[in-house]
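J.: The structure that follows is given in the form of structure tokens.
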Amino acid sequence: MSYASIMVAVDLAAEARERVHLAGHLADDFRARLIGVAAEEASYAIAPAGPIPASAYALAANNEVILNDLKRAHAVFEAAAGGRSRIEWRSNLDFPLPFLIAQAAAADLVVVGRKGPPGPLLFSVDPGDLVMHVGRPILVVPPGIDHLDARRVAIGWKNTREARRAVRDALPFLSRASRVVVLAIDEGQGTDDPADVVGFLQAHDIDATATRWEAGGAETSQALIEAASEQAADLIVLGAYGHGRLREWVFGGVTRDLLAGAPICCLMSH
């Protein structure tokens, strides 16, 4: 099992180049094609400027600005992709999230940036919204990271549908790793037995072991990061938990915290 196609979300943030660089190296490792994606919908909240033709001109001018920014994003992608032959660029005047979700039908893995600060950010996609809708594993890359070896991988384990799917989706990474540690975080109420998932991984010829880590009063997300760091892991695999409330997703604490501030790359599935 491998990733044949890796998609990366490109925006105009400073760390976009690092993210594309990382995705490009993963494409090399898995012999996959690399697809860059960017989209933005021009704002139609423009005050009428006299007759309708003037308003239409303002909208056309706004579209032109967005198209120029998409060209900038394309240039960032091409420069960071490093002249690889198997690359593809997809962009459009559209809302970023639904556009990326539609394009993800062509991808095995989607690489995105960590959740940024509040406020508008051109072409940006909220990874929380993405993981709940995209039907693909997403790799959330923190700022300042432009390479992922994934030789030591930590799995945040609970015996849930989301965690089981995340482990399955991460098999291409796990099969290449030199060591995989299944981390069962004890929040004071015991942990799910990781024996079956360890056996599942070993049946796939993956060197996997399990360890129990006491949260000790800390947030579960922080305990998971500490345990992963103790194992020298540069990738955390976990299920993403949440439920819809009207038009928003309410996330479990671990998912929310890691989306917002994990210093380690996280592969999430829902």
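Quick note on numbering: full-length UniProt numbering labels position 39 of the sequence shown as 39, and the sequence is numbered without any gaps. Backbone N, C-alpha and C fix where the C-beta goes; we use that ideal spot for every residue, glycine too.
#1: Cα separation between L259 and G113?
#2: Between V111 and V141, which are expected to be in contact by the criterion C-beta below 8 Å, what is the C-beta distance as a whole number of angstroms?
#3: Going straight from the alpha carbon of F77 to that of P263, what length do you get?
#4: Please tell me whether A195 and F123 are closer than 7 Å, where the distance is taken between their beta carbons.
#5: Roughly how many angstroms lie between the CA atoms of P127 and V20, to the nearest whole one?
#6: Leaving out five residues on either side along the sequence, give the residues of the same chain with a beta carbon under 8 Å from the beta carbon of R165.
#7: With a threshold of 6 Å on Cβ separation, who are the neighbours of S2 within its own chain once the five nearest residues in sequence on each side are excluded?
#8: Grouping DSSP H, G and I as helix and E and B as strand, with all else coil, what is S5?
#9: Per DSSP, L183 forms a beta bridge with which residues?
#10: CA-CA distance, I87 and L174?
#11: So, with DSSP's three-state summary, where would you put A38?
#12: Please state if the CB of V10 and the CB of A79 are separated by a distance shorter than 7 Å.
#13: In the DSSP assignment, find the unbroken beta strand (DSSP E) run with L235 in it and report its ends.
#14: Under 7 Å, do R152 and A227 count as touching if we go by C-beta distance?
#15: A184 to R33, Cα distance in whole Å?
#16: Looking at the secondary structure, which residues open and close the beta strand (DSSP E) in which S269 lies?
#17: Mind checking whether L75 and N62 have CB atoms under 7 Å apart?
#18: Taking only three categories from DSSP, how would you classify G144?
#19: Tell me the residue span of the beta strand (DSSP E) that contains I206.
#20: Would you mind giving the Cβ-Cβ distance between V125 and L97, rounded to the nearest angstrom? I have them listed as a contact below 8 Å.
#21: Out of A81, S91, G82 and G83, which has the shortest C-alpha to C-alpha gap to I66?
#22: To the nearest angstrom, report how far apart F95 and G216 are at their CA atoms.
#23: Please identify the residue among G24, M7, A170 and T160 whose C-alpha is closest to the C-alpha of F99.
#24: How about E15 and P143: are their beta carbons less than 7 Å apart?
T.: The answer reads as follows:
#1: Here residue 259 corresponds to residue number 259 of the sequence shown, with the count starting at 1. Here residue 113 corresponds to residue number 113 of the sequence shown, with the count starting at 1. So the alpha carbons of these two residues sit roughly 9 Å apart.
#2: For the purposes of this step, residue 111 is taken as residue 111 along the sequence shown, with counting starting at 1. For the purposes of this step, residue 141 is taken as residue 141 along the sequence shown, with counting starting at 1. Sure, about 6 Å apart at Cβ, within 8 Å.
#3: Here the question's residue 77 lines up with position 77 in the sequence shown. Here the question's residue 263 lines up with position 263 in the sequence shown. Roughly 23 Å separates the two Cα atoms.
#4: Your numbering for residue 195 matches position 195 in the sequence shown. Your numbering for residue 123 matches position 123 in the sequence shown. Not in contact: A195 and F123 (Cβ atoms no closer than 7 Å).
#5: Position 127 of the sequence shown, counted from the start, is the residue given in the question as residue 127. Position 20 of the sequence shown, counted from the start, is the residue given in the question as residue 20. About 16 Å.
#6: Taking the sequence shown and counting its residues from 1, the one referred to as residue 165 is at position 165. For R165, where only same-chain residues beyond five positions count, the Cβ hits under 8 Å are G239, S269 and H270.
#7: The residue you call residue 2 lines up with position 2 of the sequence shown. Correct list, in chain order: F30 and P172.
#8: As a position in the sequence shown, residue 5 is number 5, starting the count at 1. Of the three classes helix, strand and coil, the one that applies to S5 here is strand, per DSSP.
#9: Start at 1 with the first residue of the sequence shown, and residue 183 comes out as number 183. DSSP output for L183 lists G156 and T211 as bridge partner(s).
#10: Indexing the sequence shown from 1 puts residue 87 at position 87. Indexing the sequence shown from 1 puts residue 174 at position 174. Spanning the two alpha carbons is a distance of roughly 25 Å.
#11: Counting from 1 along the sequence shown, the entry for residue 38 is found at position 38. For A38, the three-state secondary structure derived from DSSP is strand.
#12: Locating residue 79 in the sequence shown gives position 79, counting from the first residue. Locating residue 10 in the sequence shown gives position 10, counting from the first residue. Against a cut-off of 7 Å, the Cβ pair of V10 and A79 comes out as no contact.
#13: For the purposes of this step, residue 235 is taken as residue 235 along the sequence shown, with counting starting at 1. Segment L235 to G239, the beta strand (DSSP E) holding L235.
#14: For this step, residue 152 is matched to residue 152 along the sequence shown. For this step, residue 227 is matched to residue 227 along the sequence shown. Their beta carbons are not under 7 Å apart, which means R152 does not touch A227 by this criterion.
#15: For the purposes of this step, residue 184 is taken as residue 184 along the sequence shown, with counting starting at 1. For the purposes of this step, residue 33 is taken as residue 33 along the sequence shown, with counting starting at 1. Near 35 Å, if we compare the C-alpha coordinates of R33 and A184.
#16: As a working note, residue 269 is residue 269 in the sequence shown. S269 -> beta strand (DSSP E) spans C265 to S269.
#17: Here residue 75 refers to the residue found at position 75 of the sequence shown. Here residue 62 refers to the residue found at position 62 of the sequence shown. First, the amino acid is wrong: residue 75 is Ala here, not Leu. No, these two residues do not count as a Cβ contact at 7 Å.
#18: Counting from one through the sequence shown, the residue named residue 144 turns up at place 144. Coil at G144, not helix or strand.
#19: Residue mapping note: residue 206 aligns to position 206 of the sequence shown, counting from 1. No beta strand (DSSP E) holds I206; DSSP gives it neither H nor E.
#20: As a working mapping, residue 125 is identified with position 125 in the sequence shown. As a working mapping, residue 97 is identified with position 97 in the sequence shown. Confirmed, Cβ separation roughly 5 Å.
#21: The residue given as residue 66 occupies position 66 in the sequence shown. The shortest Cα separation from I66 among A81, S91, G82 and G83 belongs to S91.
#22: By 1-based counting over the sequence shown, the position of residue 95 is 95. By 1-based counting over the sequence shown, the position of residue 216 is 216. Those two C-alpha atoms are separated by around 43 Å.
#23: Position 99 of the sequence shown holds residue 99. Residue M7 is the option with its Cα nearest to F99.
#24: The sequence position of residue 15 within the sequence shown is 15, counting from 1. The sequence position of residue 143 within the sequence shown is 143, counting from 1. With contacts defined by Cβ atoms closer than 7 Å, E15 and P143 form a contacting pair.
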